[in-house]
Every structure is written in C-alpha cells, then in structure tokens.
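Chains as they are written, first to last, in my numbering: chain A, 728 to 1009; chain B, 349 to 1107; chain C, 101 to 260.
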Amino acid sequence: MREASVIAPRSLREALRAVGRKGVVAVAGGTDLLVRLHDVAAGERPSFLVLDGVRTLHSIAPRGKGLALGPLVTFSEIERSSLLRTLAPQLVEAASVAGSVQIRNRATLGGNIANGSPAGDLLPPLYVLSARLELSYSGGRRQVMIEDFFKGPGETVLRRNELITRVVFERSQNRGFFLRLAVRRALAISKVSVAANVSLRNGRVQSVRIALGAVAPTVLRASRTEEYLLGRELDRDSIETACGLASGEAAPIDDIRSEADYRREMVGVLLGRGLLRIASAR
Amino acid sequence: MAVVGRRVRRVESLDRVKGVGSFTDDLTYAGMLHAAVVRSPVARARIKHIETGRALRRAGAEAVFTFQDIPGRNVVPIILEDQPFLAEEYVNYVGEPIAVVLASERETARAAAKEVSVRLEELPPILDLLKARRHPRVHLFGEDNVFKHLRIRRGDTAAAFSSCDVIVENEYRTPYQEHAYIEPEAMIAIPHPDGTIEIRGSMQCPFYVRKAVTSVLGLPESRVWVVQAATGGAFGGKEDVPSLLACQVALPAWKLKKPVKLVYDRTEDMVSTSKRHPSWVRYKSGATRDGVLKAVEVEYVIDGGAYSTLSPAVLYRGTVHAAGPYRCDNVKVDSYVVATNRVPTGAFRGFGSPQILFAAESQMDQLAERLGLHPAELRRRNLLRAGDTTITGQKLTVSVGLEETLDRVLEASGWPTGQKRDDGVGYGLSTVFYGVGLGAAGKHLARTGARVIVHADGSVTFSVGTTELGQGMTTVLSQIVSEELGTPLECVQMIAPDTSRVPDSGPTVASRSTTMSGNALKDACGKIRDVLLAEASRALRIPVSDLRIVEGAIVPAKEEGPSMPIDEAIKSCTTARLPLSAEGWHVSTSTSWDDRTGQGDAYVTYAWATNLAKVRVDRETGEVTVLKMWAAHDVGKAVNPTLAEGQIEGGILQGLGFALTENMFTDERGVIVNPDFSTYIIPTAADSPEIVSLLVEHPYPDGPHGAKGFGEQPLMGVAPAVANAVRDAVGVRITELPITPEKIWNALRSSRRVPVTQR
Amino acid sequence: MKLKFTVNRRATTLEVTGAERVIDLLRERLGLVGTKEGCGKGECGACTVLLDGSPVCSCLLLSSQVAGREITTIEGLSEGESLHPVQAAFAETGAVQCGFCTPGLVLSSAALLADIPAPSREQMKRALAGNLCRCTGYQKIFEAVELASRNMRREKRRRR
C-alpha cells in the first residue's frame, strides 16, 4: 500500500473538493472497504480520502422532533447512546449485534449505508425510521429517502462527487424491534433480518413500517404486510396472517449462508416474534 | 511424584502473554527476500506455457522459479510420492503450485505472482468422491482412482444379520473441515556459507521437512538443518503441508544464496492447504433383542483430493475405528480413499475417525431407540472392557477405562432419564476410543530420540524430535525430566526441536509426543541417573540398588543413613570428568495388520472417552444452542491436568464447529467459494458452551508414568453426541454434517407431514 | 506525511504515506511484533490493538487514521518485566495454548475490565467474540478474565 496516496481533510469543504477527483475513494471506518481492497496490489489501489478528521461528521444531535446523525458515528457509539436507545431502539439493537467489538469500534453508519449490502444490519432499522440521507457535493446538497438510495446489491444513487453528510430521521414514538438470524452468535453477517416500527392506538395498529434484510437484492419494505396490519388489533390471528404475508413478500436466494425457502419462512418467524413482543408489552 | 501430575504453569506462557516475537513471521534476516506462489486457477488442465516476463519487470521483483529450476527430484515425498513440488505438465486442483516468485517485499512478490501468466488447456475434472471410483474417462491415480482400499473381515455378517432382531441402515456424509489455526503457514530458508541450508518455520514434523528439502535440492540430510519456530496451532494442518512451503523457500534461497521468507495469506492458506477428508458412509448395524451388537457392515469412502499425501494412513485410522469402541464378532468394512481434482486432504485431529464415528455413534442411538433401551444402557452392554477383543482381533489387557468414563459422565451430568419433556431440550451421548500412536500403518516411524545434558550448575537442557504446537508438550516433557532427575522445573530447559540434535524421531502426530518423547527422555535420564547414583554410592558407601532420588537429593531407600544433595553429586561427577549427558531412544511395542483380513494388533494401546451434549433446539428456526458438554477421557495418567483439560475443552469446541457450522463449499468448477473467516464459520467465544472435563486414569504400563496419548480424542465424538441430542430434543435425525438450522428446519417440516408413528 | 501519534505511552513521529496499514507500521517500522496477523480482514482479531483504549483491528486501520491518537500494543500493556493482571492470569489459568491469538485476547480482556470491572460470562463472551482462538475452547480464557477481575478489584480496594 505504500505507493497509494492519502488525502486527510480537516473540514467538510476540503473533503467535498477532494471526493470527486479521479481515483479517490472515501474511507469512513474502513472495515468493509479495506477488506474489499485486501487483494488489490499497492499500485492499483485508489487514493484514500480519509474522513476521520472532519469533526462535523461525527455528531449525534437532536434535530426538531427527530435526530441527525453524522455518517462517521460508529456502531459502538450508536450502541452506547442513551438518546438513541429511547428514540431509535431498532437501530441500537442492530448496531449491537453486528460484527465484533473491534469492528463496531470502527464501522460507521455512513459506511454501512454507502456499502449498500442487503445484509447491512443498520439498514432495515433506517428504513422503518423513514431515514433521509443528506448527500453533499462541492457547492450543494440534496436529500434522498433511504429507500430511494439503493439500486441493487452494492449499487446506490451516490454520485462520484458526493458524500453522505447527514442521516436524519423522526424519533420513533412507537414500539420497534430488530431481529436477525446469523450463522453464529457473533462476528457474522445476517442470513435474514426484520426491523419494524409500530404504533398502537386503542389496541389497534395506527402506523406500521416493516423492513426485511438479506432476503432481496436490497432491503425490502413489506408494504402488503403493513397494509394488512393497519387498523387491526395485534392478536394471534392477525400476527399469523401478517407473518405469512411477509414471507410472501421476501424474495430470497440460496447462497453460502442459507437457503431461499428457509429465509422466506424465517421472515415470518422473526416478524411474529417481534409483533408478539409488542402485543404482549401493551 | 513431585512434578508429574501437578498443574504447573505452561513454560512458554509468560513469553506468549507478553507477545515476545517467536513466530516465523516475527523473524527477519539481513538481505531476506519474500516469496509468493503462483497457483493453478483451475481444477484440471494441461500446462501449455508459463510466461514470467511481466512479473520480472515489476520493480522489486527478483526471480521466478519453476519445476525446470529444481536441482533434485520434483516430488514431495510423503507416502506414495505422487505429488510434485511444482507442477510440470498438468495441474490437478485449484491452488496447485506452479511457480515461486521472489521480491524484496512481500506485497511486491504477491503482486508479481499474479503477473505470471500460465496458459492452460482445461480438462474435465472429477469433483465428486462417489463418481471418482472407476470413472470411465478420467484417470487421476491408477486404474480406478483409488489411492487405497482397506478391509476388515471378521466373522460372518450375512449370517449374523439374519439372526438380528433389529437392523439399522443409513447413509452419512461429512464435509471438509479446515484447521483454521490462527497463525497461517509460514517458513524461512537461510542458506549458510558452509554449504548447509537452515529451514525455520511453523511445522509439526521437522523430519518430514528435511526429507522433502533434501529430495528437492538433491542434498544429503547432513546439509539440511530444520528448526521449528513457535507454531501458532496446527491440528494436523502443519503435518505434511510445511514440507511444500519449505521447498518453496529452500529452492530460491539455495539458488539466490539469500534468506527467503514465505507466509501464506489466509485465503491462500484455506484454498491450497490440506483439510479433513469429506466422507460418505453406508452403515448397517444389527442387534439382538437383549441389546447385543451382533453385526456391522460399513462402506466408507473419503475424498483424498488430487494427490495421496497422508490419505492411506488417514484411511487406516478410520477403518480401525469403524465400529466404535464395542465388541462385535461379525464385521465387514470396506474403506476407500479416492482421487479427485480437489485440494489434497490430509491430517486433522482424529485423522479419518471423526467421520466414521459420526456414523457409528448415530447408529448406536438408532439401535437403542428401536430396542427401547436407554442409549447409555445399550452402550454399557457392548462396550470394550479389559479382556475383550477389538474388531481387528486385538486382545485388550490393561488401561481400558471406557466404562468408568461413561459412569463419570452420567454421574456428573445427572442426565434425567425420566419421561420426555417437550421443551426442545435434549441430551446426546457418544462413547469413542482412540488408537494411540501411529499404529501398524506407521510402524516404521514408531521410534523417537532424545538428548539430555545436565550442566555443572545442575541445570538441565533437553532436546527431542517432536514439536510444541500449543498442546503443551514442552511443559509435560519438562515435568517428566524434572521428575526423573530431581531437578527443579525452573532449571529444566527444552531446546527448540532441531533435526541436528536428535536422530529422526518421526512426526508429531497421532497424539504421540507425551508417550514417545517422554519415554525417550526417561531412557536418557535413566542413563544419567546411573552415573549420578554410582557416584553417590561411592561417596556414601551405599550400594546403588539401595539409593533413590527424592526431591533434589540422593537418599537411601531405607529411612536412615547419609544422603547427598543432587547438586553435590553433579559437582562430584564433574570433578571426576564423568559424562552427565545421554541419548535416549524409544521404540514402540509391536503392532500388526493383515491387509487381507484387517486383523492384527492395530495400535499399542487405546484412549477412551464418553461425551454428553445438552442442547436446546428452536423448533421454529432450527437453531441449536449447546447448553453444556460433559466429557470424560481415560488418559492413563494426566501429567498436567490443566493442560489435559485444555485439550478436552479445545477439542470439544472444534468438534462443535464440525458438528454445527463448519463447511467448505466448492463450486461446479472445483473452486472453494468461502476461503475466509467471515464465511468459513468456526465457533467464537460467544458460541462456546460450558464444558465439564473429567479425567480418568487407567495407567498404561508402557507410557511414561502411565500416560497415553489422547490429544485428538476430544474432538472425535462431539458431532454424533450433538446429532443424538438434536434427535432427543426435537425428534429429527440429521445424517449429514454440519447440522445447520436449515437442515433441522427442513427435517421438522417434512416430519410434520408424516404421522408420528411412522417416523 | 508526518504522522504524530502515541505508541505505548511514547510520543512517536514517523514519515508515512498515510495509506499503510497500522499493523505494518507496528510490526515492520517499530518492531512491535507482538501484534499478529491472522487474516488481514478483521475477522480473527489477532491484530487487535487498543486505540484510545478501545480494541480495534490494526489490519483494517490506515496510518492516517491514527494521527494524534494513542495506540497500546501488547508490548505496552505492562512495563518492563512486570505483567498486567490479565497477562498474569492468562498464564496462571492455562488460557494460553499456541499463543498466537493471546496478545489480542489479552488486550480485549484488559479493555473489557477497564470498562466493566466484574463482567458476567455473557459480557465476556460478547467482548471477546472478535478474537478467534482455535486451541482453547475459551473456557480457561474466561477463567483468566475472572481471576484478573478478582485480583484487580482486590488491588483497587487495597489502594483505597
């Protein structure tokens, strides 16, 4: 790696000026990027835009009724944030099961998003929290809903000259969960994950968002399931029907981690467990 | 005994906790170059041309070597000598070495290796072990692609089955298991001006390495000097493979007259080095109504990969262990190791036995179920005791502690034998045994040397030809030397295993270090004791036969009379110019094997064990949580109980990986698709259950202080215990490892479609 | 670029490109070979070092990412011949077998105990799951952490 060069900006302006340059790749925590570059010879490596020094990208702050997170917030910071524990429990649950301590200490929110893996653990929670991404470039910025950000596995709408500079979401006044299955208890990529954000009024579902991870080319909203649940009481029958619907909405594949049929059914199992938890917590 | 049997601290642990640099990659030599290996990207092909120009033009690249540069023979000598060091005309597996590239830096060497272009004409490969035998078109080895066929013929199975009340027949499969030692394979060669070459690296078998390097360089053994560096785990994975690495550094070092280092990248290591043989087993067993195992018929096929390496020996162990640790008068075993276009498989803790024991112990539980007997009871009715005869016709006389291991586990676990609960919790048992040492298949290697020197100040150094791999040999042997000579443990120092210090002592495999090197050291220490006692006898005027060494002093065997501190005896010997150094030598007691019938004294003795797994199975997700494991092992004598427990705990976790998560997938072109730690799933701290280790000691009279080898055994019976526990928990029997949630879920789903009575 | 950072309590300045892996800086430039490379992909934890007290994989860390920060390697956990209580406990309980993963596990354990002085088994499992060990089965490692925890708390009480 000795030949590769590094740009280490101290301000966002500097960072945005550099990001568009040819052969430059932005590095947040580096826990995915450096794995992907492991077999790339030094001469063929890109220049790294190391973002660590840009202070403003590290913040966790309330914004209006919601929250604004900098993209360099690490999984460990999410895991330990008492603010997030009350305002975005799904995100905290997801951050705390991913990888290992070493990985969580470096892996970032922005990196998990930009990486674009359908198994990225923070993504289903961000879907159900209706997260908006602020994408900045030299001279401007735009906002994209998280669901519009991903085009396919590893493919996003982020342009070469843009950086994710902020992740904004409404605070969840609702009940939520993130559940997943993985090949072992730690240091593992999800086989299937389900996140949800549910609010109840007079025992009936007033609003609901459900997102499924690792069962389609991108994270998936289970919109037919959501539609079905809206206005219903959470009882055994409705939950069972919802689980069946959600399984049907998943479009999983066979790969080295699991099998399509299993994943499809587990979507229902995990959703059922989460919804039962909500129903019984009433 | 003052030191043997005590929980003394591992001697090298202080260095390890401080991170002192003793591993191969920690070592650096002036002018050292780095090597990288060019490998076959395809499973089978004819080599048309090797183009090295572009690689050599890269800045920092120094040289490329192919088979044409080999001064000696292009062969890695193991058993059958069919494996080339560097491919010549054909490549036969993905990852087969073709050339070695040298550069001033590791990164440069690796980049340049990618720039060596090899023009290949691809040929259709064989990738399936069952299709390999008698393949109509592809001939990789001999006429039938069978490296070795072994058989056991005992009694008359056909007649015996007709008198059985229950017969269980099933097929079983097990996949690759990768050693996943945390230190990748690593080796350094240092050419010396006197015409010798030093090899230093991570290895189990310095004498195998020496043989390979002398063969490839065409040198006499006197000029190849092999020293083991600290080795970061091996488990069989550093038995034959380091010979390849040693040649990969020795050839360029010899040609360029510079030190050369080679460290495999993790993925390269996982793709190209040996693993546990994938297996297929057809197993038929029969018993009478009263629970007597009457007959066993086994067909066992394992995938040896492209070259035979250690496969014939692996097959031998699997064959001898085929029926489990039981009496059975009618046995027919046919086992085959076949050639395929996959990476050569080799030694891995258990060495061909875990696969067959998975089948054998799954069968026992099915028999118990059909007979309505408790699994422990069926085993108790059949297990081997002193005086019994094994399926190879070997009469067991002493050190048969199997039943005690069963009793200890049942007692410690309090396994509830009452009615079945419906909480998804289940218990699973396995009883297994382990033939200690190389056995009849490796009889010619069953000897070991040692050298002991007592210095004038009373401190002691010793050398052996077996190696420390983390199993604790250094500590155990130091304890034995300390015990024999009455020297305080802290004054005993082992010299790193070195081929120039002791005669060829065979490999460090087959759980043989404690017994073999321990006995050789006892032999050497005995000679030194004779000198010391003779000197003391002269000074004390007491006959030698009436003297003993007790806690640092030579004392009369009878209570009264003068004594002499050891230090004084040593001083006196030094003054008298007597030799206080000695060679020790140990040869195993005889073993035998009839190739036609598979009858004979297969191993010098056996270790014995019982495992019990307690699991919880989630009926909805199929996920298995191992709640607790109990394991009792008859080890003869635990020279160091802490280290023995360490072997049990570590072996169990590796066994749980084999049982539940470890699997290596090869695609339709023969490429391993998950060669890293994020996709090849070994257990983490979070996956480890509570483990209760129980040591049972039925002394083995020919072992040092009664000890017998057992380091492999802890892994061997874990998978069937888990499979049996899963069956107990949720009623499904999984016959293919690993036991994944997907398999359990599929089995539960199909079992729900069938009425319970027909299961 | 000039990299200024602290290694094992010592202010250190090195001329770097900024794109080197920290593990290479430590092992090759500073001779701190106690930090081991097991996979190069953050999947085994053998290369664990403490970055401002928190465990990270030094194989996934660029030199430019540690500017101004403090790194502790196994060589810096204790001074001279003395042992950190975690190191002593690992040797005492038999938590070391081959020893290749040991430096990383010792550092992760030390960081855990700095954070949670008396961790439960579950907390230990969570904290150590990023350090693969293929030899021990982890039992004696947990025992070592428990022993170190007791010794450190006793020491603390005595100082009070």
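Backbone N, C-alpha and C fix where the C-beta goes; we use that ideal spot for every residue, glycine too.
Query                                                                                                                                                                                         : Result
Am I right that residue 651(B) and residue 426(B) are in contact with their C-beta atoms under 8 Å? What's the rounded C-beta distance?                                                       : Residue 651(B) to residue 426(B), Cβ: 17 Å. No contact.
So what does residue 868(A) bridge to, in DSSP terms?                                                                                                                                         : 863(A)
Any beta carbon of chain C sitting closer than 8 Å to that of residue 1006(B)?                                                                                                                : no
Taking the continuous beta strand (DSSP E) assigned at residue 982(B), which residues delimit it?                                                                                             : 972-982
Does residue 357(B) come out as helix, strand or coil in the three-state DSSP assignment?                                                                                                     : coil
Kindly list the residues whose CB is nearer than 7 Å to the CB of residue 558(B), restricted to its own chain and excluding five residues on each side of it in sequence; keep chain order.   : 569, 572, 574 and 847
From residue 641(B) to residue 748(B), what distance separates their C-alpha atoms?                                                                                                           : 19 Å
Buried or exposed, going by whether 16 or more other CB atoms sit within 10 Å of the CB of residue 634(B)?                                                                                    : buried
Using a Cβ cut-off of 7 Å, pull out every chain B residue sitting near residue 914(A), in sequence order please.                                                                              : 1032
Going by DSSP in three states, residue 1002(B) sits in which element: helix, strand or coil?                                                                                                  : helix
CA-CA distance, residue 531(B) and residue 552(B)?                                                                                                                                            : 13 Å
Could you tell me if residue 1004(B) is buried or exposed, where buried requires 16 or more neighbouring beta carbons within 10 angstroms of its beta carbon?                                 : buried
Quick check on residue 765(A): does DSSP put it in helix, strand or coil?                                                                                                                     : coil
Sorted by chain position, which residues of the same chain lie with C-beta nearer than 6 Å to residue 698(B)'s C-beta, five sequence neighbours on each side aside?                           : 1060, 1063 and 1064
If we cut at 8 Å on Cβ distances, does residue 870(A) have a partner in chain C?                                                                                                              : no
Here's the rule: buried if 16 or more other CB atoms are within 10 angstroms of the residue's CB, otherwise exposed. What is residue 1031(B)?                                                 : buried
Please report how far the alpha carbon of residue 748(A) lies from the alpha carbon of residue 629(B), in whole angstroms.                                                                    : 59 Å
Taking the C-alpha atoms as reference points, what is the distance between residue 613(B) and residue 451(B)?                                                                                 : 16 Å
Checking the sheet assignment: what are the DSSP bridge partners for residue 905(A)?                                                                                                          : 922(A)
Could you name the residues of the same chain whose beta carbon sits closer than 8 Å to that of residue 1000(B), not counting the 5 residues immediately before and after it, in chain order? : 959, 977, 979, 1039, 1062, 1063 and 1066
State the CB to CB distance for the pair residue 946(A) and residue 973(A), rounded to an integer number of angstroms; the pair is presumed to be in contact (CB under 8 Å).                  : Wrong, their Cβ atoms sit about 13 Å apart, outside the cutoff.
Residue 209(C) CB to nearest chain A CB: under 8 Å?                                                                                                                                           : no
Between residue 799(B) and residue 832(B), is the Cβ-Cβ spacing less than 8 Å?                                                                                                                : no
Alpha carbon to alpha carbon, what distance is there between residue 154(C) and residue 756(A)?                                                                                               : 14 Å
Restricting to Cα atoms, I'd like to know which of 786(A), 767(A), 943(A) and 781(A) is closest to residue 738(A).                                                                            : 781(A)
Would you mind sorting residue 734(A) into buried or exposed? The rule is 16 or more other CB atoms within 10 Å of its CB.                                                                    : buried
Taking C-beta to C-beta, are residue 953(A) and residue 936(A) nearer than 8 Å?                                                                                                               : yes
When DSSP labels each residue in this structure, what does residue 793(A) get in the three-state scheme?                                                                                      : strand
What do you reckon, are the CB atoms on residue 563(B) and residue 420(B) nearer than 8 Å?                                                                                                    : yes
Could you tell me the distance, in whole angstroms, from the CA atom of residue 989(A) to the CA atom of residue 971(B)?                                                                      : 12 Å
Using 10 angstroms around the beta-carbon of residue 248(C), count the other beta-carbons present and answer buried if the total reaches 16, otherwise exposed.                               : buried
Step through the CB atoms of chain A and report whether any lies within less than 8 Å of the CB of residue 165(C).                                                                            : yes
Taking the alpha-carbon of residue 805(A) as reference, which of 789(A), 792(A) and 822(A) has the nearest alpha-carbon?                                                                      : 822(A)
Closer than 8 Å, Cβ to any Cβ of chain B: which residues of the region 885-914 of chain A, in chain order?                                                                                    : 908, 910, 911, 912, 913 and 914
Can you pull the chain B residues whose beta carbon is under 8 Å from the beta carbon of residue 996(A), in chain order?                                                                      : 968 and 969
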